[in-house]
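To keep things clear, I will list the structure first and then write my remarks on it.
Protein chains: 6
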Amino acid sequence: MQTIPFLRKTGEAPFTDRGIKKAGQLLKPWTGEGVKGVAITGAPLSKTSISHSGAFMAPQTIRQMMHSFSTYSIEQETDMWDGVITDFGDIEMHVTDLIQSQNRIYSALKEIQSQHNGALIITLGGDHSVSAGAIKAFQETRGRVGIIQFDAHFDLRNTEDGGPSNGTPFRQLIENGVISGDQLVQLGIRDFSNGKLYHDYAKDNGVTVYTMGDIKREGLLTLLKKSVEQLKQTTDNIYISLDMDVLDQAFAPGCPAIGPGGLDSDSLIEGIQWLGENPSVKGMDIVEIDPTLDFRNMTSRLAAYIIMQFSLFYSKREGGK
Amino acid sequence: MQTIPFLRKTGEAPFTDRGIKKAGQLLKPWTGEGVKGVAITGAPLSKTSISHSGAFMAPQTIRQMMHSFSTYSIEQETDMWDGVITDFGDIEMHVTDLIQSQNRIYSALKEIQSQHNGALIITLGGDHSVSAGAIKAFQETRGRVGIIQFDAHFDLRNTEDGGPSNGTPFRQLIENGVISGDQLVQLGIRDFSNGKLYHDYAKDNGVTVYTMGDIKREGLLTLLKKSVEQLKQTTDNIYISLDMDVLDQAFAPGCPAIGPGGLDSDSLIEGIQWLGENPSVKGMDIVEIDPTLDFRNMTSRLAAYIIMQFSLFYSKREGGK
Amino acid sequence: MQTIPFLRKTGEAPFTDRGIKKAGQLLKPWTGEGVKGVAITGAPLSKTSISHSGAFMAPQTIRQMMHSFSTYSIEQETDMWDGVITDFGDIEMHVTDLIQSQNRIYSALKEIQSQHNGALIITLGGDHSVSAGAIKAFQETRGRVGIIQFDAHFDLRNTEDGGPSNGTPFRQLIENGVISGDQLVQLGIRDFSNGKLYHDYAKDNGVTVYTMGDIKREGLLTLLKKSVEQLKQTTDNIYISLDMDVLDQAFAPGCPAIGPGGLDSDSLIEGIQWLGENPSVKGMDIVEIDPTLDFRNMTSRLAAYIIMQFSLFYSKREGGK
Amino acid sequence: MQTIPFLRKTGEAPFTDRGIKKAGQLLKPWTGEGVKGVAITGAPLSKTSISHSGAFMAPQTIRQMMHSFSTYSIEQETDMWDGVITDFGDIEMHVTDLIQSQNRIYSALKEIQSQHNGALIITLGGDHSVSAGAIKAFQETRGRVGIIQFDAHFDLRNTEDGGPSNGTPFRQLIENGVISGDQLVQLGIRDFSNGKLYHDYAKDNGVTVYTMGDIKREGLLTLLKKSVEQLKQTTDNIYISLDMDVLDQAFAPGCPAIGPGGLDSDSLIEGIQWLGENPSVKGMDIVEIDPTLDFRNMTSRLAAYIIMQFSLFYSKREGGK
Amino acid sequence: MQTIPFLRKTGEAPFTDRGIKKAGQLLKPWTGEGVKGVAITGAPLSKTSISHSGAFMAPQTIRQMMHSFSTYSIEQETDMWDGVITDFGDIEMHVTDLIQSQNRIYSALKEIQSQHNGALIITLGGDHSVSAGAIKAFQETRGRVGIIQFDAHFDLRNTEDGGPSNGTPFRQLIENGVISGDQLVQLGIRDFSNGKLYHDYAKDNGVTVYTMGDIKREGLLTLLKKSVEQLKQTTDNIYISLDMDVLDQAFAPGCPAIGPGGLDSDSLIEGIQWLGENPSVKGMDIVEIDPTLDFRNMTSRLAAYIIMQFSLFYSKREGGK
Amino acid sequence: MQTIPFLRKTGEAPFTDRGIKKAGQLLKPWTGEGVKGVAITGAPLSKTSISHSGAFMAPQTIRQMMHSFSTYSIEQETDMWDGVITDFGDIEMHVTDLIQSQNRIYSALKEIQSQHNGALIITLGGDHSVSAGAIKAFQETRGRVGIIQFDAHFDLRNTEDGGPSNGTPFRQLIENGVISGDQLVQLGIRDFSNGKLYHDYAKDNGVTVYTMGDIKREGLLTLLKKSVEQLKQTTDNIYISLDMDVLDQAFAPGCPAIGPGGLDSDSLIEGIQWLGENPSVKGMDIVEIDPTLDFRNMTSRLAAYIIMQFSLFYSKREGGK
Ligand SMILES: [Ca+2]
Ligand SMILES: [Ca+2]
Ligand SMILES: [Ca+2]
Ligand SMILES: [Ca+2]
Ligand SMILES: [Ca+2]
Ligand SMILES: [Ca+2]
Ligand SMILES: [Ca+2]
Ligand SMILES: [Ca+2]
Ligand SMILES: [Ca+2]
Ligand SMILES: [Ca+2]
Ligand SMILES: [Ca+2]
Ligand SMILES: [Ca+2]
């Protein structure tokens with residue numbers, strides 16, 4: 283075989299520094315073997331959004347943003363250099379049959395979680411509609427689920443007006459009997475972003491709702507601890523559903539439904555670190571980033587940073603993880 | 283008359299959910315009858331700006347952003363579903379005669395406030411030059427005015443160098459004898475954004491000035507309470523003049539004169555809520571948003587949110603409002 | 283009823299000149315009566331696109347661009363001042379059931395064309411998938427259709443891989459027996475924009491294909507005359523399906539599938555004028571403009587100009603139109 | 283005096299090549315002496331525009347774009363290295379008194395042309411409203427004017443509806459008795475961009491109008507020759523008023539009133555070259571470029587190129603110029 | 283090994299149609315074996331540009347744009363489905379030592395062309411500085427070179443003022459004795475884009491220069507035939523150096539040095555097709571596309587189309603190629 | 283000499299208000315005399331950046347942003363109206379020899395600081411590579427330097443992999459024996475933005491490192507006081523090296539290496555004020571702003587504001603400064 287000086291393959295990094303490994307390099311395509319630790323799967327579905335959304339591009343953009351970060355945490359003095367985040371790739375979506383696309387998400391994630399019991403799967407949306415299948419698959423493979431949903435919105439809309447969309451995932455889970463309301467805690471619900479009818483629905487079904495006002499008064503960490511305690515009493519494992527629009531528009535300018543009055547990014551990061559280390563947490567999704575609307579991929583970059591912080595604190599868990 | 287399935291008129295919402303009403307739907311065009319409660323009027327004038335400004339587009343953009351929000355406040359557990367915000371439309375501006383445009387703002391607003399004594403008019407600029415006429419009309423119909431001006435700038439420039447512009451409204455009001463300086467409280471005045479000559483003018487005329495430093499030290503709410511107490515001693519009603527550039531550039535990227543060192547949006551919202559509930563407050567304008575400079579209409583969206591929060595707390599006032 | 287000076291309703295033009303009427307003002311919402319002449323209907327569907335598309339926004343943007351033009355043609359010395367273009371509004375799309383959305387397009391357009399025999403309906407896409415239903419409805423109400431398709435692409439893809447999408451409308455029409463291939467003439471088909479399999483399909487089904495090379499050699503007008511002659515022999519009426527990506531990327535920068543080597547806008551306008559005057563032409567759609575990708579709405583503005591030129595020459599037709 | 287190695291003053295070119303002089307370096311600020319040859323003056327007025335316009339920025343942007351070009355014409359094998367284009371700077375505009383701004387343009391240009399009889403002044407708008415004063419000043423100092431106006435629009439609107447705006451300059455000149463209609467030739471007038479009322483006005487006043495159709499049929503050069511012949515019979519000197527929106531939107535994307543169906547840039551350049559060499563031409567303005575709307579300053583760059591081609595061919599004139 | 287339904291690997295196409303193969307799929311990473319036919323190599327160097335340039339990103343962007351096209355030419359009725367364009371990847375650049383980066387380009391390309399005698403290498407810049415090394419390597423491996431340079435600029439600047447930059451490649455080749463001027467034909471040289479000093483240099487060294495005026499008068503194809511005839515008399519093989527700024531700014535908006543008065547894309551494509559089929563042509567580079575400045579990757583998309591047309595006509599060559 | 287009414291020279295402010303002087307007007311080009319007080323020098327080098335950077339444009343943009351501010355501080359009730367900030371202009375960079383460019387920065391700054399002992403030079407980058415030369419020059423003219431580096435990154439990379447880049451300045455200073463590690467304090471170092479190898483290097487060399495976590499726990503002011511105390515024990519003067527990416531992406535969107543988890547702008551401003559007044563501080567650079575990536579020049583505007591606050595507090599220093 284011939285060699286040629288200075289050539290690097292298309293797609294490889296244009297410059298390498300011996301002392302820096304990119305977080306993106308931790309991503310290793312799944313090769314068919316059993317997987318442990320953190321793994322990601324893309325669910326590039328956003329035609330299910332009520333408003334126009336390019337969130338289907340987020341899995342690819344978040345992966346790229348992983349290349350903005352290195353593997354070293356100075357705060358923890360921990361280097362994830364030898365770590366691996368398995369990349370299962372993306373679930374293939376149907377062009378026109380959106381129900382089938384949602385079914386594929388459920389099927390693929392169920393198979394992945396069934397085969398890879400030791401893996402903590404982070405599903406990258408797509409819009410929030412992907413969580414319905416993701417959570418159903420999670421519960422069927424990992425036991426009774428307790429959900430911590432970060433969101434400005436309930437996502438409890440009726441499914442008759444527009445079908446199963448990014449406004450309905452938690453309604454679907456309840457209506458279809460997958461979960462009951464007490465398995466769900468919602469954090470960051472905001473003024474003028476929801477309907478009273480759906481707040482009533484949340485109450486009627488025993489969903490726990492913490493508003494932005496609650497967070498400002500009590501602190502996110504306090505509410506997270508309270509939520510995990512509560513959920514642990516009736517569920518086996520906790521699943522985080524992170525809709526990035528829980529953040530204020532100044533910190534997550536790339537969500538379709540941005541607005542003022544939301545969380546700042548530092549608080550969210552602190553919350554994710556705490557959840558990352560908590561042994562009850564066994565699944566997560568990150569949804570509602572539309573790279574076509576973002577500024578300099580800020581929101582995807584924050585998502586990549588959250589994946590790294592979560593993985594870092596996950597690696598600090600003791601024992602059975 | 284014939285009917286055709288699935289048709290909706292041009293301009294109507296492409297999707298409706300039975301459980302959600304858009305804040306924008308609260309806006310009802312004025313039909314010639316007497317008006318109560320909150321009402322909006324557009325004053326689309328920005329050729330009067332010292333620098334290039336597309337603020338004349340803000341009334342239309344803010345109305346559109348009202349469609350980003352619903353009618354339900356979860357923090358107050360109050361639904362404004364059946365509420366109405368009367369929309370008087372926009373005041374027609376002259377293409378080239380800017381003095382006439384300013385006169386039209388005064389005339390129209392005076393007529394509106396004279397005819398509709400029970401209405402709280404929110405005037406949507408346009409640039410800050412619109413406040414001169416708006417406040418004059420307010421005082422002539424509602425009694426001696428006390429003004430709470432949120433602004434990084436005094437807006438007390440001389441009117442000889444460039445005529446009555448967005449840098450001069452409060453100077454005009456004082457020079458023309460409409461108000462005396464003790465009727466005016468300025469909040470959020472910022473370093474390197476004003477001239478000493480005009481600070482001297484403020485002092486000489488008894489204007490109360492709170493800088494950003496004052497706000498950081500004492501808190502916006504404290505200063506607002508102090509301001510309202512003070513103004514109530516000598517005036518009949520309070521008028522809020524909200525120049526969005528009082529905010530830091532990270533939170534209001536769409537103002538012509540953005541800069542660092544300003545207010546954060548949460549503090550402003552809290553202040554507006556308090557003012558909304560205060561029975562002395564009887565008028566407001568929101569100015570200096572240029573939609574052509576904004577990112578994803580963030581600043582207009584914040585203005586729409588402020589209108590909703592103000593209206594919500596306004597509806598909580600007891601008695602005569 | 284009270285009046286207030288200088289007020290104009292929200293949405294009305296900020297300035298009016300007595301000597302100029304905007305083309306956009308010719309658009310009159312349908313009021314339930316019988317319609318003659320040119321009419322438009324929006325088919326805001328683009329979730330059916332293979333690639334991400336905001337083409338669903340085009341009907342609204344094209345209407346806005348009608349306000350960029352006046353009613354007067356100096357070339358023809360004809361003023362359409364008193365003309366009317368009926369606006370049937372938009373067909374409401376389902377959020378998640380795309381097949382139902384396509385059915386609604388068919389149903390609504392069939393009903394419109396059935397009720398309004400004297401009207402020439404211009405359907406505004408949306409992506410090219412809307413043409414399948416539009417043409418079926420046209421034929422069922424107006425007799426055997428001859429289609430002149432301007433396009434860089436065949437749109438004859440198989441429907442098994444992704445369902446009925448913007449790559450399949452003419453395949454659907456043939457497969458479903460709505461038309462046979464000899465009812466279809468394709469103009470502007472381009473290199474490296476199609477598959478051989480589908481060229482074979484076109485040939486096997488008797489579709490007439492003129493490439494960009496053919497247009498450059500023979501001239502668009504020549505080929506249009508030849509096409510209309512040919513189609514008139516076996517069909518009753520001609521329908522124009524105008525995919526704006528038949529144009530070169532320099533002239534239609536807002537199509538999802540832009541590319542070099544296409545038509546220039548002057549040639550297309552000339553062709554549309556000729557077709558507008560031709561009494562055989564009885565229907566048209568304009569598709570594949572994505573306003574979120576465009577520069578200064580150039581492509582929608584061109585579409586609006588095409589509607590005006592078509593309407594102008596339509597009004598010159600003699601006799602029964 | 284001390285020296286420091288490698289320093290260059292703020293604003294100087296970061297790199298200099300001994301073999302290349304920038305066209306921008308030909309611009310020499312006026313120093314109070316008598317001027318010959320080509321000179322530029324900025325008239326940064328666009329608040330007079332009917333629609334929002336940043337055309338006031340064009341003089342500065344066109345000057346910057348002069349730095350994109352060198353001084354050497356390979357086609358003519360002529361180097362303008364030692365040439366000078368005098369830069370009179372910009373006329374200062376009033377912030378709010380637009381009539382005064384227009385008067386200042388007239389006064390300044392009259393004084394310049396009166397003092398500098400040997401200079402050919404190119405006035406850089408701004409919007410087209412600047413031409414009214416510019417042409418009046420031209421005629422009062424240079425004798426009876428013949429005008430060649432490149433434009434998609436008549437600019438003959440009535441001045442009652444909105445005052446003297448960018449839609450009225452030639453109407454003002456006729457109404458105020460400065461010119462009669464036979465002194466004016468309009469080239470490039472376009473469909474659906476004008477009102478019949480104003481076409482009638484043009485005809486009634488003896489204005490010569492060549493449409494885009496005329497240009498396509500007869501060729502721009504032919505019409506220019508015909509126009510100059512005609513104007514020379516009754517006027518002393520010819521003035522070019524170049525509204526860049528005479529060009530198609532693909533070639534001049536930065537004009538406020540862009541549209542399809544216009545001139546291509548090569549034809550315009552050829553026309554300008556011919557006019558540059560014609561000894562009758564003694565004045566020019568270039569208007570209606572809004573740098574805030576342009577793509578990569580394409581339209582201002584073209585304007586700079588036109589100034590260079592005009593100056594090059596001007597330098598080829600024999601005798602009295 | 284386990285399998286999971288619907289998964290596709292990161293980076294794979296989200297949708298596949300059985301009848302369409304993307305041109306991008308023709309690109310096969312080099313695997314160390316001998317290569318025939320067309321091959322590409324990226325030379326991602328643009329720190330050598332006189333002005334700020336992101337042209338180093340073009341190789342990756344052009345590859346992506348290959349995915350905008352299919353493999354089928356309808357004009358030639360030829361499908362390149364089974365074809366291969368070998369992708370040698372990118373040559374690794376040094377961060378700060380630009381001379382070393384240029385040397386690496388030379389070394390890598392020399393090795394590639396030496397090893398792969400049957401391959402026609404298309405080097406993707408990068409800026410035009412990459413051509414100096416590319417052409418030297420070409421001549422040393424393929425025999426005496428005749429160069430056809432498409433460019434608005436001579437690129438014959440002195441190397442003393444700024445070193446070997448994107449303004450100097452052909453000067454370097456002559457000064458270093460690699461070529462003599464008669465081996466070089468320049469097409470598309472433009473007014474006000476060059477210095478007289480360098481035109482003199484071209485003449486003194488026997489370089490053949492065809493200006494845009496020459497192309498407009500004689501036609502590009504005529505000049506190309508004349509050029510190839512001339513070069514064939516004294517050289518062994520022809521190398522095309524395609525600086526995309528030979529095109530008019532309307533057709534190549536993404537070149538750093540855009541301007542009016544250039545070639546249209548159709549003419550260039552026609553020229554490339556003719557050169558692609560000409561058996562003398564044995565090498566090519568495509569340079570000066572800055573994806574950060576482009577609109578919708580139009581210029582990179584055109585480059586990808588040119589690669590496809592060149593490859594198509596290359597495949598039509600008879601005999602030894 | 284002739285005069286002409288209303289003319290202002292190209293580049294002068296279009297509007298002047300008698301009561302406001304722009305901060306930008308404080309900038310006076312150096313005229314060859316001795317300089318005292320604050321002075322700026324541009325070091326427009328960013329080809330040395332590891333990633334693509336337009337930071338070379340920042341000196342010019344920051345100067346422009348100085349025109350966004352006035353000279354009056356209301357918080358200090360101090361007007362800098364009669365102050366002067368000397369502008370030494372920019373150091374001329376070589377097009378291709380980046381080492382020479384770095385040497386020029388060192389030479390020019392050494393000469394400036396040697397000639398002007400009473401001046402506090404603020405060097406405007408450019409990328410962080412400019413600090414190596416700037417600090418070496420500072421120490422050679424002002425005595426043993428103590429460095430306070432605000433940065434998300436160590437900038438202690440090895441220089442073998444890519445030469446002296448924006449990732450290596452402090453490594454270069456240590457390796458070349460210019461400083462020892464105890465002369466350097468780093469503030470704001472962030473997770474996943476650095477390599478462990480370089481943290482080890484910092485520790486091994488006695489560099490003081492405060493992370494973002496440290497700042498959040500202890501407060502920036504506390505750490506600054508501690509740092510200055512420590513540095514004063516072994517050094518003569520303190521130099522601030524301000525990499526703007528120490529800020530969170532929400533507050534400095536225009537840095538090449540933006541990310542979440544950084545400092546907010548108010549804290550930084552407060553720190554800079556304290557340092558400005560501290561008599562030990564004798565030099566500063568501001569680096570890593572890329573105006574081509576910024577939104578509305580927010581980051582350059584903040585840099586200009588920082589220069590003003592620093593200069594204001596600098597003017598409050600007592601005695602020898
Ligand atoms: Ca959600
Ligand atoms: Ca949400
Ligand atoms: Ca103000
Ligand atoms: Ca203000
Ligand atoms: Ca199509
Ligand atoms: Ca198409
Ligand atoms: Ca005009
Ligand atoms: Ca015009
Ligand atoms: Ca070149
Ligand atoms: Ca070139
Ligand atoms: Ca740094
Ligand atoms: Ca840094």
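Chains as they are written, first to last, in this note's numbering: chain G, 283 to 603; chain F, 283 to 603; chain W, 283 to 603; chain D, 283 to 603; chain Z, 283 to 603; chain R, 283 to 603. Here a beta-carbon is modelled for each residue, glycine too, at the ideal position from N, C-alpha and C. In this text the structure is predicted, and so the values were computed from the model without any measurement.
In chain G, which residues lie less than 8 Å from G604/W when you measure between Cβ atoms?
Only positions 283 to 603 of chain W appear in this structure, which leaves residue 604/W out of reach.
Which residue's Cα is closest to the Cα of N458/Z: S352/Z, P446/Z, Q468/Z, G293/Z?
As a working mapping, residue 458/Z is identified with position 176 in the fifth sequence. Closest option to N458/Z, Cα to Cα, is P446/Z.
If I'm right that D530/F touches P542/F with Cβ under 8 Å, what's the distance once you round it to whole angstroms?
For this step, residue 530/F is matched to residue 248 along the second sequence. For this step, residue 542/F is matched to residue 260 along the second sequence. At roughly 6 Å, the Cβ-Cβ gap stays under 8 Å, so D530/F and P542/F are in contact.
Identify whether T368/W lies in helix, strand or coil by the three-state DSSP scheme.
Here residue 368/W is taken as the residue at index 86 of the third sequence, counted from 1. Residue state, collapsed to three classes: strand.
Near Y354/R, what residues of its chain come up, given a Cβ to Cβ distance below 6 Å and the 5 sequence neighbours on each side ignored?
One-based indexing of the sixth sequence puts residue 354/R at position 72. So the qualifying residues of the chain are D361.
Is there at least one non-hydrogen atom of ligand 1 closer than 8 Å to the beta-carbon of D567/G?
Along the first sequence, one-based indexing puts residue 567/G at 285. D567/G Cβ: outside cutoff for every heavy atom of ligand 1.
For K507/R, which of helix, strand or coil comes out of DSSP?
On the sixth sequence, residue 507/R is found 225 positions in, with the first residue counted as 1. Three-state DSSP puts K507/R in a helix.
Heavy atom of ligand 9 less than 8 Å from the Cβ of N560/D, yes or no?
In the fourth sequence, residue 560/D corresponds to position 278, counting from 1. Outside the cutoff, so no.
So which residues touch the region around ligand 8, with touch meaning a C-beta under 5 Å from any heavy atom?
Working through the chain, the matches are D433/D, A434/D, H435/D, D525/D, D527/D.
What's the call for E570/W, buried or exposed, on a 16-neighbour Cβ count within 10 Å?
As a first step, residue 570/W must be located in the third sequence, where it is residue number 288. It is buried - the Cβ of E570/W has at least 16 other Cβ atoms within 10 Å.
Output the distance between the C-alpha atoms of I286/D and M590/R, rounded to the nearest integer angstrom.
Here residue 286/D refers to the residue found at position 4 when the fourth sequence is read from its first residue. Here residue 590/R refers to the residue found at position 308 when the sixth sequence is read from its first residue. Rounded to whole angstroms, I286/D to M590/R spans 26 Å at the Cα level.
Is the shortest distance between the beta-carbon of A586/F and the beta-carbons of chain W less than 9 Å?
As a working note, residue 586/F is residue 304 in the second sequence. For A586/F, the answer is no, since every Cβ of chain W falls outside 9 Å of its Cβ.
Please classify D372/R: is it buried, with 16 or more other beta-carbons within 10 angstroms of its beta-carbon, or exposed?
For the purposes of this step, residue 372/R is taken as residue 90 along the sixth sequence, with counting starting at 1. Buried, since its Cβ has 16 or more Cβ neighbours within 10 Å.
Going straight from the alpha carbon of H435/F to that of D546/G, what length do you get?
Numbered from 1 along the second sequence, position 153 holds the residue referred to as residue 435/F. Numbered from 1 along the first sequence, position 264 holds the residue referred to as residue 546/G. Each residue's Cα considered, the two are about 28 Å apart.
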